[in-house]
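*Asks:* My questions all concern the structure below.
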Amino acid sequence: MTATIVSCIGPWLIAPEWAWVGTAFLVAYLLRHLYLLTRLALLIRRHHRLIPPFPRGLWGEIYRSIAQYQQRGRKGRKRQIRFTRRFREAANAVPDGLVILDKQHRVDWANPAAATLMNVHWPEDDGRPLFEILTHPDLKGFVETGESLRPMDFAPEHNRALMLSLRITPFGERKRQRLVVARDITKIYHLNMIRRDFVANASHELRTPLTVIAGFLESLIDASATPPNHRRPLTLMHNQAERMRLIIEDLLTLSRLEMYEHPEVQESVDVPDELHLILQEAHALSKGRHAFSIDIDEDLLLLGSQPELRSAFSNLIFNAVKHTPDGTEIRIRWSTWSDGPELRVEDNGPGIEPEHLPRLTERFYRIDKARSRESGGTGLGLAIAKHIMNRHDARLLIASEIDRGSTFSCVFPHARAIPRDEAEHTTAPCAAPEPTTENRSAVGPDGACLHRNRAGRSAAC
Ligand SMILES: Nc1ncnc2c1ncn2[C@@H]1O[C@H](COP(=O)(O)OP(=O)(O)O)[C@@H](O)[C@H]1O
Ligand SMILES: [Mg+2]
Numbered sequence: 001m002t003a004t005i006v007s008c009i010g011p012w013l014i015a016p017e018w019a020w021v022g023t024a025f026l027v028a029y030l031l032r033h034l035y036l037l038t039r040l041a042l043l044i045r046r047h048h049r050l051i052p053p054f055p056r057g058l059w060g061e062i063y064r065s066i067a068q069y070q071q072r073g074r075k076g077r078k079r080q081i082r083f084t085r086r087f088r089e090a091a092n093a094v095p096d097g098l099v100i101l102d103k104q105h106r107v108d109w110a111n112p113a114a115a116t117l118m119n120v121h122w123p124e125d126d127g128r129p130l131f132e133i134l135t136h137p138d139l140k141g142f143v144e145t146g147e148s149l150r151p152m153d154f155a156p157e158h159n160r161a162l163m164l165s166l167r168i169t170p171f172g173e174r175k176r177q178r179l180v181v182a183r184d185i186t187k188i189y190h191l192n193m194i195r196r197d198f199v200a201n202a203s204h205e206l207r208t209p210l211t212v213i214a215g216f217l218e219s220l221i222d223a224s225a226t227p228p229n230h231r232r233p234l235t236l237m238h239n240q241a242e243r244m245r246l247i248i249e250d251l252l253t254l255s256r257l258e259m260y261e262h263p264e265v266q267e268s269v270d271v272p273d274e275l276h277l278i279l280q281e282a283h284a285l286s287k288g289r290h291a292f293s294i295d296i297d298e299d300l301l302l303l304g305s306q307p308e309l310r311s312a313f314s315n316l317i318f319n320a321v322k323h324t325p326d327g328t329e330i331r332i333r334w335s336t337w338s339d340g341p342e343l344r345v346e347d348n349g350p351g352i353e354p355e356h357l358p359r360l361t362e363r364f365y366r367i368d369k370a371r372s373r374e375s376g377g378t379g380l381g382l383a384i385a386k387h388i389m390n391r392h393d394a395r396l397l398i399a400s401e402i403d404r405g406s407t408f409s410c411v412f413p414h415a416r417a418i419p420r421d422e423a424e425h426t427t428a429p430c431a432a433p434e435p436t437t438e439n440r441s442a443v444g445p446d447g448a449c450l451h452r453n454r455a456g457r458s459a460a461c
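Numbering (UniProt numbering), first residue to last: 1 to 461.
Below you can see the structure in the form of structure tokens.
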């Protein structure tokens with residue numbers, strides 16, 4: 001560049017008659033720049049690769065840098081293509097149906113398994129709303145709320161022999177897109193049905209002979225002809241028969257609860273009234289060995305099934321009596337908290353070791369089997385309570401600390417709370433819709449009727 005400037009200006013300064021030589025140099029210099037610039041612009045516009053040899057000097061540097069940049073971009077694109085291909089191959093190999101929905105919940109992409117499981121064919125169904133292809137009354141609400149924790153189980157219309165478990169995961173900008181995963185649970189569903197029916201039938205079959213045995217044992221105990229030394233073994237036998245009867249009753253209750261996702265009949269349940277009745281029984285059970293403190297919102301009623309709620313609440317309260325030592329304080333609270341109406345049963349007993357907590361709601365799980373049996377426990381109470389909570393869209397929470405005590409809480413959604421003065425206007429209880437294969441385990445809004453009272457409040461049931 002310096003040489004060019006000297007060549008251009010030198011003749012002007014030294015010998016003006018040679019000035020045209022300087023001008024010629026300057027023109028040639030500018031033309032070269034214009035040529036290289038235009039060439040570069042054309043190459044870039046046409047997406048051509050810049051390949052050596054590159055011009056000398058500053059332009060050479062620019063050409064080389066752009067060539068390196070292009071090479072890096074090409075490598076990145078290749079990597080991306082390879083990754084996308086691998087992802088597609090993996091997604092296509094997944095046995096579960098995968099469907100990506102756009103912000104308007106229309107099909108954006110689907111894997112081959114989605115065709116058999118959900119009847120969604122891609123790319124043929126590209127841009128179609130999912131609810132048009134997969135028809136179910138609860139599906140729209142399920143996809144829109146994007147509830148990712150609970151699956152929705154149902155038999156799709158295109159293949160009634162199939163049982164699907166649908167899960168939704170919101171993703172993307174403001175979580176408006178949806179990933180729908182459909183799993184074939186036909187086998188598990190049928191095995192579950194067989195297990196449930198077997199337990200129900202076996203319990204039912206055992207009930208009658210057991211009643212006969214218990215009846216005869218009772219008669220033998222009371223009979224004057226029974227030798228006195230036979231009375232004790234007969235009483236023990238009678239107690240065991242009674243225990244078996246309780247287990248069978250609880251197993252039958254569980255089978256009944258498993259039949260449908262929601263209670264068949266729901267009404268406004270006078271929870272304060274129920275709690276007072278349960279507390280009377282709890283006092284009788286405790287025989288003054290426990291101190292009770294009660295804090296009940298007398299105006300808070302709940303939409304649900306009265307016998308089911310009574311069974312769940314009484315188990316939690318009786319547990320606090322049966323599984324804690326003498327002198328334990330038991331606190332019962334019923335009121336609305338930030339999460340919704342809640343029953344809290346707290347005790348300051350010895351508490352439960354953390355490893356037991358997640359297993360307490362399993363059937364027959366007892367920390368101290370002998371103590372539970374002694375107190376007439378079946379080990380099914382919390383399993384029943386958990387089922388009942390699920391059927392009321394509620395949660396059963398268990399917290400415990402060694403030497404500080406345990407808290408068992410039933411947390412209901414706000415929508416189930418009914419103030420006492422409004423309950424008086426609520427119409428008669430209504431039955432849930434006839435269960436079909438699909439709604440037997442479908443979650444989300446029950447699709448049940450709405451009661452509207454004079455205050456304009458609606459209550460789903
Ligand atoms: N308040 C409590 N304090 C300590 N342990 C408890 C309490 N409630 C329940 N448990 C434990 O949980 C187990 C399961 O309870 P549950 O299912 O109601 O069966 P059970 O028929 O034995 O009462 C009980 O056997 C007991 O070991
Ligand atoms: Mg119990």
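The C-beta atom is built at its ideal place from N, Cα and C for all residues, glycine as well.
Nothing here was measured: the structure is a model prediction, and the numbers come from that model.
State the CB to CB distance for the pair G351 and D393, rounded to an integer number of angstroms; the pair is presumed to be in contact (CB under 8 Å).
*Replies:* At roughly 29 Å, the Cβ-Cβ gap does not stay under 8 Å, so G351 and D393 are not in contact.
*Asks:* Roughly how many angstroms separate the alpha carbons of P413 and L309, rounded to a whole number?
*Replies:* About 14 Å.
*Asks:* Rounded to whole angstroms, what is the Cα-Cα separation between D138 and N111?
*Replies:* Their backbone Cα atoms lie some 23 Å apart in a straight line.
*Asks:* DSSP puts A291 in a beta bridge; with which residues?
*Replies:* DSSP output for A291 lists E329 as bridge partner(s).
*Asks:* Give a yes or no on whether the C-beta atoms belonging to V411 and D339 are separated by under 8 Å.
*Replies:* A contact, by the Cβ cut-off of 8 Å.
*Asks:* Using the rule of at least 16 other Cβ atoms within 10 Å of the residue's Cβ for burial, across every protein chain shown, is A415 buried or exposed?
*Replies:* Classification for A415: exposed.
*Asks:* Looking only at its chain, what residues have a beta carbon closer than 6 Å to the beta carbon of A115, apart from the 5 residues adjacent to it on each side?
*Replies:* Same-chain partners within the cutoff: H121.
*Asks:* By the DSSP assignment, the beta strand (DSSP E) with D125 in it spans what residues?
*Replies:* Here D125 belongs to no beta strand (DSSP E), and DSSP marks it neither H nor E.
*Asks:* Among L252, N315, Q306, which one has its Cα closest to the Cα of E281?
*Replies:* The option with the nearest alpha carbon to E281 is N315.
*Asks:* Assign D197 to one of three DSSP states: helix, strand, or coil.
*Replies:* The answer is helix: DSSP assigns D197 an H, G or I state.
*Asks:* Grab the span of the beta strand (DSSP E) containing R178 for me, first residue to last.
*Replies:* It spans 177-184 - the beta strand (DSSP E) in which R178 sits, taken as one unbroken run.
*Asks:* To which residues does DSSP link W334 through a beta bridge?
*Replies:* Bridge partners of W334: I296, L343.
*Asks:* Answer with buried or exposed for Y389, where buried requires no fewer than 16 other C-beta atoms within 10 angstroms of its C-beta.
*Replies:* First, the residue type needs correcting, since residue 389 is Met and not Tyr in the sequence shown. So M389 ends up on the buried side.
*Asks:* To the nearest angstrom, report how far apart E132 and V143 are at their CA atoms.
*Replies:* Whole-angstrom Cα-Cα distance: 13 Å.
*Asks:* Whole angstroms are fine: how far does the CA of A91 sit from the CA of A113?
*Replies:* The straight-line gap from Cα to Cα measures roughly 9 Å.
*Asks:* To which residues does DSSP link W18 through a beta bridge?
*Replies:* In DSSP, W18 forms no bridge with anything.
*Asks:* Rounded to whole angstroms, what is the Cα-Cα separation between A223 and F216?
*Replies:* If I take the Cα positions, the gap works out to 10 Å.
*Asks:* For M163, does the three-state DSSP call read helix, strand or coil?
*Replies:* The answer is coil: DSSP assigns M163 none of H, G, I, E or B.
*Asks:* Identify every run of the beta strand (DSSP E) within the region 359-420, keeping only runs that are complete inside it and at least 3 residues long; order them along the chain.
*Replies:* Listed in chain order, the complete beta strand (DSSP E) runs (minimum 3 residues) inside the region 359-420 are 395-401, 405-411, 417-419.
*Asks:* Heavy atom of ligand 2 less than 7 Å from the Cβ of F313, yes or no?
*Replies:* No - ligand 2 has no heavy atom lying nearer than 7 Å to the Cβ of F313.
*Asks:* Considering only the alpha carbon of each residue, which of D102, T145, G377 lies closest to D126?
*Replies:* Here the closest residue by C-alpha is D102.
*Asks:* Use the C-beta contact count for E401: other C-beta atoms within 10 angstroms, 16 or more gives buried, fewer gives exposed.
*Replies:* With fewer than 16 other Cβ atoms within 10 Å, it is exposed.
*Asks:* Just list the residues that DSSP pairs T169 with in beta bridges.
*Replies:* Paired residue(s): L179.
*Asks:* Between N319 and ligand 2, is the CB less than 7 Å from at least one heavy atom?
*Replies:* The answer is yes for N319.
*Asks:* Taking Cβ to Cβ, would you say G405 is nearer than 8 Å to G349?
*Replies:* Going by C-beta atoms, G405 is nearer than 8 Å to G349.
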